[in-house]
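Each protein sequence line maps, in turn, to chains A, B and C.
The numbering of the first sequence is the UniProt record's numbering, which starts it at 1 and goes up by one.
The numbering of the second sequence is the UniProt record's numbering, which starts it at 1 and goes up by one.
The numbering of the third sequence is the UniProt record's numbering, which starts it at 1 and goes up by one.
Note that beta-carbon positions come from the ideal geometry of N, C-alpha and C, so glycine has one too.
Note that the structure is a prediction, hence the values are computed from the model and not measured.
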Amino acid sequence: MQPDRLDLHALHHFRTRSPLTHCMTNDVVQTFTANVLLALGASPAMVIEAEEAEQFAAMADALLINVGTLTAPRAQAMRRAIEGAMAAGKPWTLDPVAVGALSYRTRFCQQILSLKPAAIRGNASEILALAGMSAGGRGVDTTDTASSALPAAIALARQTHAIVAVTGEVDYVTDGQRTQTITGGDVMMTRVVGTGCALSAVVAASCSLPGDRLNNVAAACGFMKQAGSVAVKESRGPGSFASAFIDALWNLEAQA
Amino acid sequence: MQPDRLDLHALHHFRTRSPLTHCMTNDVVQTFTANVLLALGASPAMVIEAEEAEQFAAMADALLINVGTLTAPRAQAMRRAIEGAMAAGKPWTLDPVAVGALSYRTRFCQQILSLKPAAIRGNASEILALAGMSAGGRGVDTTDTASSALPAAIALARQTHAIVAVTGEVDYVTDGQRTQTITGGDVMMTRVVGTGCALSAVVAASCSLPGDRLNNVAAACGFMKQAGSVAVKESRGPGSFASAFIDALWNLEAQA
Amino acid sequence: MQPDRLDLHALHHFRTRSPLTHCMTNDVVQTFTANVLLALGASPAMVIEAEEAEQFAAMADALLINVGTLTAPRAQAMRRAIEGAMAAGKPWTLDPVAVGALSYRTRFCQQILSLKPAAIRGNASEILALAGMSAGGRGVDTTDTASSALPAAIALARQTHAIVAVTGEVDYVTDGQRTQTITGGDVMMTRVVGTGCALSAVVAASCSLPGDRLNNVAAACGFMKQAGSVAVKESRGPGSFASAFIDALWNLEAQA
């Protein structure tokens, strides 16, 4: 995948497969995550009670685990969902929000890391912390650049056999051997809550598609970068940007 | 009510009564639901702790029970709220999200169905499942058309004495004897999360109004169809559609 | 601070300090609250499990406690967070949503009132109830004007040593001795869910800034009033208003 190049083949694939994506995500980004998935043609569903989460993870095409507003009951339900997904052979993706900075979620993420995630998507601080190379940033913000965390991402991919996406001004997606670089987007994406979390949901969905998973995850990053580049031209601030971003995802082919 | 005809009398009634609507709804659609109710002149409130839910349901004009992100504590609080509403003679409305597909919520909804809901609003798969006529779809999506579920809706209305709205490309609202048909809207409404759930909140609010409840619920469906028809002309994708939809609800009279 | 005058010095201060604001707020307004803080240059984070809430409150610059969708586990986590903030010398702000109308949250807020909040932001009914001068309104709506609650606000400020902001068509901010008045804004702000709750988050963040706290809280109210005045001119209803409001916060200096 070349920088700044939208992967129209992967996009077409994504839209026609319409992956049913089970999102166990944080309370702040649920609506935006669902609307991002809908704009790309996927089918989002949020199911959180432990019994149902396990049942639904087996029915869905993909599972997202995002620990942004983790609680003890949610952690238990997430474990059940991961078990349901694994038993059914469905891929699950981890978004380790603020791991490193906060102890409870750090322990939880380290525990579930052994349950073979298909992909991991985080910012530099989170990937560094998850790889055991840093004590992390001050919460959800990253204090490192994505490139500085690329060695950690590669090490984490080799350790877990997951595709690891470390994202920021530039995104890097690696399987531990090959690394793809995705540029584009705009800094305005950091002034709207949930763009990173929603990207993780798109990554989760993309892991359910056939074909090369590294390519699929890189393509997912590319969808969001491209939409960000388009939306910033249509907006006067982060409010209109958020709407324009969803519109841009909807119209990606036409704008390519 | 004629197809494609906005019931301005019901709308005026809705706006001047400004029903205080207690929404116990899912985590994904809370903001959108509140903003839909506000745009129509109603007063939304979300109260979820069991003790408070029971107390508030008695104070509010109407109660919505939406099981989209049901949990065990929430189920208990919902029971208490229904008891509070019933003791105070206030109507409650059920949105049986994904019933049929998931076991825990299916059991819960079957149990509370005996507590005399004033109205039930669901898609075809959900109404079929609730009426015991289908095993349901794959989660929140429906795999049936609303018309195919009309016999189930009529049977469910006769069984429960609730007004049943089975909604989709065309909406059908029935009391088991009479059925009203509401057309209009746009497929874009399915690409924004929460339009169905928000409709259920408007249905709940409309059940608190005096007059014929079948007419009031059909009018509620008509408000949303009309706003969808207007909004799609003002939008370039589901992001701008969501904003335009709220604006259209706000401006319904002027556009009629 | 003069009425209708944007405090550009305070705004610059706010943006350059970028306070990390720990929001324990209700389920309905999380996204909007985060986006308001981001548009003003602050850094929001929602952390809710008790252990993490205590840990994070000590790391953050400011803590917001909003009881809109209070539950028993959340109440326990909020106590822990307040303890964490106090032990680290960080200010916390209370938004007593619907206090007076609902018993459980009223008891909770009266208990935590002794834990020395830096600021309290509510509507007239809530401030009257918290000061023990009223039985409260019908939930989240206020049935009193802010000016009618000014004596209660002054009494509450003297009792708690907090800055008290009682907001509505006109906002009053008092430390019990001095009172500042903030005008502007638009009634459309009451038709978008979360403007009051988001203001409380901005108040919380502003309490972390050096300088006179009364001025800082009044400036926070002024940011929101000014954005509301600008946004209403750019919008056709509450949907476009919500986007325009976020844009206006982002562009406050340019529009001043």
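- Contacts around V232 of chain C, its chain only, beta-carbon distance under 6 Å, and the 5 residues preceding and following it disregarded: So the qualifying residues of the chain are D186, M188.
- Message: Could you compute how far the alpha carbon of M224 of chain A sits from the alpha carbon of D247 of chain C?
- Response: 21 Å
- Using a C-beta cutoff of 9 Å, does S243 of chain B count as contacting chain C? yes
- Item | M224 of chain C - DSSP class collapsed to helix/strand/coil | helix
- Item | Supposed contact pair V217 of chain A and A101 of chain A - C-beta distance, whole angstroms, cut 8 Å | In fact, because the Cβ distance is near 25 Å, the residues do not count as touching under 8 Å.
- Using alpha carbons as the reference points, say which of B:A124, B:L252, B:A60 lies closest to T145 of chain B. Of B:A124, B:L252, B:A60, the residue nearest in Cα terms is B:A124.
- Message: Taking 8 Å as the limit between beta carbons, can you name the residues of its chain near T69 of chain A, skipping five residues before and five after?
- Response: N26, D27, V28
- Task: Whole angstroms is fine: what's the gap from T167 of chain C's alpha carbon to I112 of chain A's?
- Result: 46 Å
- If I'm right that A57 of chain A touches A81 of chain A with Cβ under 8 Å, what's the distance once you round it to whole angstroms? 4 Å
- Message: Quick check: what's the CA-CA separation for S134 of chain A versus L214 of chain A?
- Response: 25 Å
- How about T16 of chain A: is its C-beta nearer than 9 Å to some C-beta of chain B? Among the CB atoms of chain B, none fall inside 9 Å of the CB of T16 of chain A.
- In chain C, which residues lie less than 9 Å from F32 of chain A when you measure between Cβ atoms? T31
- Query: Does V140 of chain C have its Cβ less than 9 Å from a Cβ in chain B?
  - Reply: Here V140 of chain C scores only 49 on pLDDT, less than 50, and its place in the model is too uncertain to base an answer on.
- Message: Please classify Q180 of chain A as buried or exposed, where buried requires at least 16 other C-beta atoms within 10 Å of its C-beta.
- Response: buried
- Query: Which class does R121 of chain C belong to by DSSP, given the choice of helix, strand or coil?
  - Reply: strand
- Query: Counting along the chain, where does the beta strand (DSSP E) carrying M24 of chain A start and finish?
  - Reply: 20-24
- When you compare each of A:A45, A:L209, A:M59, A:L6 to R191 of chain B by their alpha carbons, which one comes out closest? A:A45
- Task: Would you kindly work out how many angstroms separate the C-alpha atoms of residue 259 of chain A and Q55 of chain B, rounded to a whole number?
- Result: With chain A represented from 1 up to 256, any question about residue 259 of chain A goes unanswered, as that position is not in the structure.
- Below 9 Å between beta carbons is the criterion; list the residues of the region 66-81 of chain A that meet it against any residue of chain C, in chain order. G68, T69, L70, T71, A72, P73, R74, A75
- Task: Whole angstroms is fine: what's the gap from K116 of chain A's alpha carbon to A39 of chain A's?
- Result: Looking at the two C-alpha atoms, the distance is approximately 29 Å.
- Task: Tell me, please, whether the CB atom of N26 of chain B is closer than 9 Å to any CB atom in chain A?
- Result: yes
- Message: Measuring only the C-alpha atoms, how far is A129 of chain C from R107 of chain C?
- Response: 11 Å
- Boundaries of the alpha helix (DSSP H) in which V251 of chain C is found, first to last residue: Residue identity check: residue 251 of chain C is Asn in the sequence provided, not Val. From DSSP, N251 of chain C is part of no alpha helix (DSSP H); its letter is neither H nor E.
- Item | Distance between beta carbons of S200 of chain A and T71 of chain A, contact taken as under 8 Å | Not really, about 19 Å apart at Cβ, beyond 8 Å.
- Residue interval of the beta strand (DSSP E) (run including S43 of chain B): Counting along the chain, the beta strand (DSSP E) containing S43 of chain B begins and ends at 43-45.
- When the Cα of C221 of chain C is compared with those of C:P210, C:S206, C:E234, which residue comes out closest? Measuring from the Cα of C221 of chain C, the nearest candidate turns out to be C:S206.
- From which residue to which residue does the alpha helix (DSSP H) around V203 of chain A run? 195-206
- Query: Does DSSP classify L37 of chain A as helix, strand or coil?
  - Reply: Note: L37 of chain A maps to helix in three-state DSSP.
- Mind checking G239 of chain B: buried by the 16 CB within 10 Å criterion, or exposed? Residue environment: G239 of chain B is assigned as buried (16 or more neighbouring CB atoms within 10 Å of its CB, all protein chains considered).
- Query: Nearest to R15 of chain A by CA position, among A:C23, A:V36, A:Q30, is which residue?
  - Reply: Comparing Cα positions, the closest option is A:V36.
- Task: Give the secondary structure of I48 of chain C by DSSP, where H, G and I count as helix, E and B as strand, and everything else as coil.
- Result: coil
- Task: Whole angstroms is fine: what's the gap from C109 of chain B's alpha carbon to P96 of chain B's?
- Result: 7 Å
- Query: If you count every other CB in all the chains shown that lies within 10 Å of the CB of G41 of chain C, and 16 or more means buried, which is it?
  - Reply: Buried, by the Cβ-count rule.
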